[in-house]
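Contents: one structure, followed by commentary.
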Amino acid sequence: MTSPTTEKRKADHIRINLEEDVFFKKLTSGLEKFFFMHQAVPEINLAEVDTSLELLGKPLQRPLLISSMTGGTAEARHINRTLAEAAQITGMAMGLGSMRAALEDPSLAYTYQVRDVAPDILLFANLGAVQLNYGYGLDQCQRAVAMIEADALILHFNALQEAVQPEGDGDFSGLLGKIESICRQLPVPVIAKEVGWGFSKEAACQLAEAGIAAIDVAGAGGTSWSQVEMFRAPTKRHARVAGAFIDWGIPTAVSIQYCHQAAPGLPIFASGGINNGIDVAKCIALGASVAGLAGHFLRAADSDGVDGVIELAETITDELRIAMFSAGAVNLAALTKTALHTEF
Ligand SMILES: Cc1cc2nc3c(=O)[nH]c(=O)nc-3n(C[C@H](O)[C@H](O)[C@H](O)COP(=O)(O)O)c2cc1C
Numbered sequence: 439m440t441s442p443t444t445e446k447r448k449a450d451h452i453r454i455n456l457e458e459d460v461f462f463k464k465l466t467s468g469l470e471k472f473f474f475m476h477q478a479v480p481e482i483n484l485a486e487v488d489t490s491l492e493l494l495g496k497p498l499q500r501p502l503l504i505s506s507m508t509g510g511t512a513e514a515r516h517i518n519r520t521l522a523e524a525a526q527i528t529g530m531a532m533g534l535g536s537m538r539a540a541l542e543d544p545s546l547a548y549t550y551q552v553r554d555v556a557p558d559i560l561l562f563a564n565l566g567a568v569q570l571n572y573g574y575g576l577d578q579c580q581r582a583v584a585m586i587e588a589d590a591l592i593l594h595f596n597a598l599q600e601a602v603q604p605e606g607d608g609d610f611s612g613l614l615g616k617i618e619s620i621c622r623q624l625p626v627p628v629i630a631k632e633v634g635w636g637f638s639k640e641a642a643c644q645l646a647e648a649g650i651a652a653i654d655v656a657g658a659g660g661t662s663w664s665q666v667e668m669f670r671a672p673t674k675r676h677a678r679v680a681g682a683f684i685d686w687g688i689p690t691a692v693s694i695q696y697c698h699q700a701a702p703g704l705p706i707f708a709s710g711g712i713n714n715g716i717d718v719a720k721c722i723a724l725g726a727s728v729a730g731l732a733g734h735f736l737r738a739a740d741s742d743g744v745d746g747v748i749e750l751a752e753t754i755t756d757e758l759r760i761a762m763f764s765a766g767a768v769n770l771a772a773l774t775k776t777a778l779h780t781e782f
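Mapping of the sequence shown onto the numbering used here: position 22 corresponds to residue 460, and the numbering continues sequentially without gaps.
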């Protein structure tokens, strides 16, 4: 049986993200500090600007990812299926939320399963890396992947979130060896992901050496998880401690550069505070392959269902295409080579 704590936590996270101000207060993604040189003579046909790519062996129509969010409750099932249906129609990748609830109670597997509405998408299973210190191993990773017919497994690193949760799992010691063993034995790629505080150069280096296939930076600047945990803190002291970390973390733009420098061969997913297609273009020019959004897709799904998620994906793609056109990049390979500036 899943513990009531796991299920309640997932329900709290959705409610708080939909109802409260959960954003960083001063710290930003850092993307606003970069700009493209405007090319008044782009020598490109706008109609030929191509946003497609291949990632981990699967085609995507656009470099967009619905970041890992939820599962484990009936409401979460509805959200997951809404997001997945939109991902299938628009050719985006998608991650499911942490699947611990369904490993503890297999009757909850249906809240994560979306393959019937999204047979073709690049789909990621998700588990907390720290669970490898709390009884999880290859078996649980394989079960998570098989349960949703995933193409890859995301292991999320949420040390600060666990630290500010009264019920959190704080033993992050000795994880790298266990991750190396999972990477070696799991038949699908393993992706390391933060949850909103970013990876340093050192962390990216350690993960690359452990055999990780891609890194999702999930940097600071969007949803602040210390803020989310502050809203569900059981005591004033817990709330104050969580609130103290509201502007902690590595801005997304900085973490992309750190990961790109530390692990130049690895695909980088840019997420954390991505707000529009110009942000996406900047992330790719900084070295990312795709950009992920969590909170924005959740709110679109909640207010306008599948159509709302499609509308958001199309809007971001329009912005991305126009940014590419105006910067003189006809496709994503050219965008990767396009310089970003910090001053005129
Ligand atoms: C409601 C909600 C639940 C989340 N649950 C998970 C999770 O289970 N696993 C995970 O790796 N990240 C989780 N995240 C973190 C996101 O995937 C993402 O890294 C983070 O919110 C930053 O992206 P954003 O600024 O676009 O929201 C969650 C985010 C939201 C909004």
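The beta carbon of each residue, even a glycine, is placed where N, CA and C say it ideally should be. Keep in mind the model is a prediction, meaning the values are calculated, not measured.
Keeping to the same chain, check which residues put their C-beta closer than 8 Å to that of Gly715; ignore five residues upstream and five downstream. Thr753, Ile754, Thr755, Asp756, Glu757, Leu758, Arg759, Ile760 and Ala761
Where Asp654 falls, given that 16 or more other Cβ within 10 Å makes a residue buried: buried
Using 8 Å as the threshold, is the segment 449-466 in touch with the segment 655-675, meaning 3 or more CB pairs across them? yes
In this structure, how does DSSP classify Asn385 when only helix, strand and coil are distinguished? A question about residue 385 goes unanswered here, because the residues of the chain that appear run from 439 up to 782.
Could you spell out the range, first to last residue, of the alpha helix (DSSP H) harbouring Phe763? Gly733 to Ala765
If you follow the alpha helix (DSSP H) that Ser709 is part of, which residue opens it and which one closes it? Careful: Ser709 lies outside any alpha helix (DSSP H), inside the beta strand (DSSP E) at Ile706 to Ser709.
With DSSP run on the structure shown, which of helix, strand or coil describes Glu445? helix
In angstroms with no decimal places, state the Cα-to-Cα distance between Asp609 and Pro544. 26 Å
His516: CB within 7 Å of a non-hydrogen atom of ligand 1: no
Assuming Ala642 contacts Tyr572 under a Cβ cut-off of 8 Å, what Cβ separation, rounded to an integer in Å, is found between them? That pair is no contact at about 24 Å.
Closest to Phe683 by CA distance: which of Leu484, Phe735, Lys463 and Thr444 is it? Lys463
Phe595 to Gly634 span [Cα, whole Å]: 10 Å
Whose CA, out of Glu457, Ala777 and Pro627, lies closest to the CA of Lys496? Pro627
Contiguous beta strand (DSSP E) assignments of at least 3 residues, all confined to the segment 454-490: none
Taking all protein chains shown into account, decide if Tyr574 is buried (16 or more other Cβ within 10 angstroms of its Cβ) or exposed. buried
Measure from the alpha carbon of Ser619 to the alpha carbon of each residue in Gly657, Ala584 and Gln580, then state which is nearest. Gln580
Taking 7 Å as the cut-off, is the C-beta of Ile452 nearer than that to any heavy atom in ligand 1? yes
At the level of alpha carbons, what is the spacing between Phe474 and Val718? 12 Å
Leu613 beta carbon near ligand 1 (any heavy atom closer than 7 Å): no
Could you tell me which residues DSSP puts in a beta bridge with Gly533? Phe562
Could you tell me if the beta carbon of Val592 falls within a distance shorter than 7 Å of some heavy atom in ligand 1? For the record, residue 592 in the displayed sequence is Ile; it is not Val. Yes, since a heavy atom of ligand 1 falls inside the 7 Å radius drawn around the Cβ of Ile592.
Specify the secondary structure class of Asn596 as computed by DSSP and reduced to three states. coil
Are there 16 or more other CB atoms within 10 angstroms of the CB of Gly535, so buried, or fewer, so exposed? buried
Flag Met507 as yes when its Cβ comes closer than 7 Å to any non-hydrogen atom of ligand 1, and as no otherwise. yes
Counting beta carbon pairs with one atom in the segment 741-751 and one in the segment 769-777, are three or more of them shorter than 8 Å? no
Report the option in Asp740, Val666 and Ile694 whose CA atom is closest to the CA atom of Phe637. Ile694
For the alpha helix (DSSP H) containing Val628, list its first residue and its last residue. Element bounds for Val628: not the alpha helix (DSSP H) but the beta strand (DSSP E), Val628 to Lys631.
Verify whether the separation of the beta carbon atoms of Lys720 and Leu645 is less than 8 Å. no
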